[in-house]
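Numbering (the numbering used here), first residue to last: 7 to 391. We put the CB at the ideal spot given by N, CA and C, even for glycine. Bear in mind that the values here come from a model prediction, so they are computed numbers and not experimental data. Here the structure is laid out as structure tokens; the discussion comes afterwards.
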Amino acid sequence: MKKDYYEILGILRNASKEDIKQAFRKLALQYHPDRVASDKKEESEEKFKEISEAYAVLSDDEKKAQYDMYGHAGINSHYTHEDLFRGADFSSIFSDLGFGGGGSSIFEHLFGGGDFFGSSGGGNSRRVHRGRDLEFTVNLEFKEAVKGVNKTINFPSYKECASCRGTGDKSGKLSTCSSCQGSGKVSTQKSFFSLTTTCPQCKGAGSVVANPCVKCAGIGRIRDNQKLEVKIPAGVDDGSVLRLTGKGEQGRKGGGPGDLYIHINVKPHQFFKREMRDIILNVPITCMEAILGAEIKVPTIEGSVKMKIPSGTQNGKMFRIKGKGIPDPRRGGRGDQLVRVFVEIPVNLNRKQKKNLEDISRDISGNSYPEKENYFRVLKNVPLD
Ligand SMILES: [Zn+2]
Ligand SMILES: [Zn+2]
7 MKKDYYEILG ILRNASKEDI KQAFRKLALQ YHPDRVASDK KEESEEKFKE
57 ISEAYAVLSD DEKKAQYDMY GHAGINSHYT HEDLFRGADF SSIFSDLGFG
107 GGGSSIFEHL FGGGDFFGSS GGGNSRRVHR GRDLEFTVNL EFKEAVKGVN
157 KTINFPSYKE CASCRGTGDK SGKLSTCSSC QGSGKVSTQK SFFSLTTTCP
207 QCKGAGSVVA NPCVKCAGIG RIRDNQKLEV KIPAGVDDGS VLRLTGKGEQ
257 GRKGGGPGDL YIHINVKPHQ FFKREMRDII LNVPITCMEA ILGAEIKVPT
307 IEGSVKMKIP SGTQNGKMFR IKGKGIPDPR RGGRGDQLVR VFVEIPVNLN
357 RKQKKNLEDI SRDISGNSYP EKENYFRVLK NVPLD
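See below:
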């Protein structure tokens with residue numbers, strides 16, 4: 007059960023904006039991982055995430071209204087976890103409290119480098135401007151996984167702003183930061199020693215947007231629905247992950263895109279089963295086909311093929327059809343289809359049919375049943391009671 011946001015911050019439901027902010031400030035001071043003993047770090051990180059999420063939601067009018075009306079369910083159905091933090095103003099609180107980097111570094115540490123601050127996010131290299139990796143699950147039919155398929159996927163994302171070519175600057179390129187001459191670091195003389203810190207002007211990137219692009223407000227990317235055709239290679243297995251380099255979210259200020267990860271989910275087939283590179287299929291045959299031999303039709307993923315059943319085939323016998331298994335997308339080649347026959351005993355026979363079978367049965371001697379003969383020869387001296 008997820009805890010109530012008001013409870014987490016220790017405030018009443020009618021708390022004012024200022025109350026919410028004050029409550030968060032107080033708790034942030036207490037639980038900020040920079041402030042606690044190392045053995046308490048993990049615990050306080052959890053707590054810190056919890057209070058940050060509560061604050062992010064309750065400090066935003068729209069999210070707060072959703073939460074007040076529908077609780078966590080309303081939040082979950084409207085926002086991703088990262089959306090919750092988008093637009094929330096942590097920077098001013100953290101710099102008030104005297105934590106470095108406007109507080110964003112702690113967020114990158116706790117939440118894995120997410121982009122929670124929009125264009126105000128800090129950091130000390132271009133890497134922090136890189137777009138997020140995106141994940142997507144694609145559901146495939148058994149046959150699609152074996153043969154490969156093209157899938158079109160739609161997802162909300164950011165695309166590069168065309169008018170500034172993703173840089174955020176009208177001119178299409180970034181300017182060297184004048185404070186640090188592009189090094190990303192500045193030195194200050196403090197009596198006896200000099201202190202080198204991340205350049206506050208460019209936040210370590212070494213370059214700045216001199217004339218912000220109007221189309222994207224200097225960020226370099228625009229929110230957009232992406233439509234992407236993904237070629238799923240033949241032979242992918244359930245649970246495998248495809249990585250499409252550079253197809254993730256566009257970064258900010260020329261930071262480059264993230265990657266797109268496609269998780270493959272293969273629906274099980276009613277009859278075909280996959281085992282490594284082979285396909286296993288159980289096929290029913292009649293008693294007579296097993297006794298007399300026959301040529302039967304067997305379905306494969308490529309359509310049906312003819313298969314010979316030799317006379318005297320036993321129940322459960324496995325036959326191999328070469329090359330009708332699953333292609334290996336990495337090494338090439340493909341597996342086989344293994345056909346396991348099961349002999350179906352006829353039911354609903356009439357009196358005449360049974361009579362005919364009895365006549366035939368009397369005619370077949372013990373040496374037509376070597377297994378049975380052997381079985382009772384071996385067990386002859388074992389007392390049955
Ligand atoms: Zn700089
Ligand atoms: Zn732009």
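| query | result |
| --- | --- |
| Between the segment 154-173 and the segment 270-289, do at least 3 Cβ pairs fall closer than 8 Å? | no |
| Would you report the Cα separation of Arg132 and Ala211, rounded to the nearest angstrom? | Its pLDDT being 49, under 50, Arg132 is placed unreliably in this model, and the value from its coordinates should be taken loosely. Each residue's Cα considered, the two are about 5 Å apart. |
| Any residue with its Cβ nearer than 5 Å to a heavy atom of ligand 1 should be included. What is that list in chain order? | Cys183, Ser185, Cys186, Cys205, Gln207 and Cys208 |
| Please identify the residue among Ile228, Arg357 and Asp243 whose C-alpha is closest to the C-alpha of Val220. | Ile228 |
| Run the CB neighbour count on His87, radius 10 Å, all protein chains shown included, and call it buried at 16 or more, exposed below. | exposed |
| Taking only the alpha-carbon atoms, compute the straight-line gap between Phe382 and Pro333 and give it to the nearest angstrom. | 47 Å |
| Excluding the five sequence neighbours on either side, which residues of its own chain have a C-beta within less than 8 Å of the C-beta of Pro316, listed in chain order? | Gly299 |
| Going by C-alpha distance, which of Ser374, Arg136, Ile17 and Cys167 is nearest Ile297? | Ser374 |
| Closer than 8 Å to a non-hydrogen atom of ligand 2 - does that hold for the CB of Ser392? | Here the chain covers residues 7 to 391 and nothing more, so residue 392 does not appear. |
| Tell me the rounded alpha-carbon separation between Gln343 and Glu295. | 21 Å |
| Buried or exposed: which applies to Pro263, given that a residue is buried once 16 or more other Cβ atoms fall within 10 Å of its Cβ? | buried |
| Alpha carbon to alpha carbon, what distance is there between Arg41 and Leu35? | 7 Å |
| Compute the beta-carbon to beta-carbon distance between Lys191 and Thr204, rounded to the nearest angstrom, for a pair I have assumed lies under 8 Å. | 6 Å |
| Whole angstroms is fine: what's the gap from Gly224's alpha carbon to Lys149's? | 47 Å |
| By alpha-carbon positions, which one of Asp45, Gly16 and Tyr11 ends up nearest to Val63? | Tyr11 |
| What residue does the beta strand (DSSP E) around Asp284 start on, and which one ends it? | Asp284 to Thr292 |
| Here's a check: name, in chain order, each residue in its chain whose Cβ is nearer than 6 Å to the Cβ of His135, leaving out the five neighbours to either side. | Gly257, Arg258, Lys259 and Gly261 |
| Using the Cα positions of Phe100 and Ala94, report the straight-line distance between them to the nearest angstrom. | 12 Å |
| Would you give the residue range spanned by the alpha helix (DSSP H) that Ile26 belongs to? | Lys23 to Tyr37 |
| Got a sec? Which residues, its chain only, sit under 8 Å from Glu56 by beta carbon, not counting five neighbours each side? | Lys9 and Ile14 |
| In terms of alpha-carbon separation, which member of Gly322, Gly254 and Val304 lies closest to Lys314? | Val304 |
| Per the DSSP calculation, Lys165 is bridged to which residue(s)? | Ile228 |
| Quick check: the Cα distance between Asn130 and Glu59, rounded to an integer number of angstroms? | Confidence in Asn130 is poor, its pLDDT being 39 and thus under 50, which makes the residue's placement unreliable; the coordinate value appears in the next sentence. C-alpha separation (whole angstroms): 25 Å. |
| Can Leu201 and Ser189 be called in contact, C-beta distance under 9 Å? | no |
| Whole angstroms is fine: what's the gap from Lys233's alpha carbon to Cys186's? | 41 Å |
| Mind checking whether the beta-carbon of Gly224 lies closer than 8 Å to any heavy atom of ligand 2? | yes |
| Determine the direct distance from the alpha carbon of Gly245 to that of Val152, and round the result to whole angstroms. | 14 Å |
| Between which two residues does the alpha helix (DSSP H) holding Pro376 run? | Pro376 to Leu385 |
| Between Gly241 and Arg171, is the Cβ-Cβ spacing less than 9 Å? | no |
| Quick check: does the Cβ of Gly137 come within less than 8 Å of any heavy atom belonging to ligand 2? | no |
| Between Asn20 and Ile26, what straight-line distance do the alpha-carbon atoms span, to the nearest angstrom? | 10 Å |
| Is the beta carbon of Lys330 closer than 9 Å to that of Val347? | no |
| Give me the Cβ distance between Ile270 and Val236, rounded to the nearest whole Å; I'm assuming they're in contact under 8 Å. | Actually they are not in contact, since the Cβ atoms of Ile270 and Val236 sit about 10 Å apart, beyond 8 Å. |
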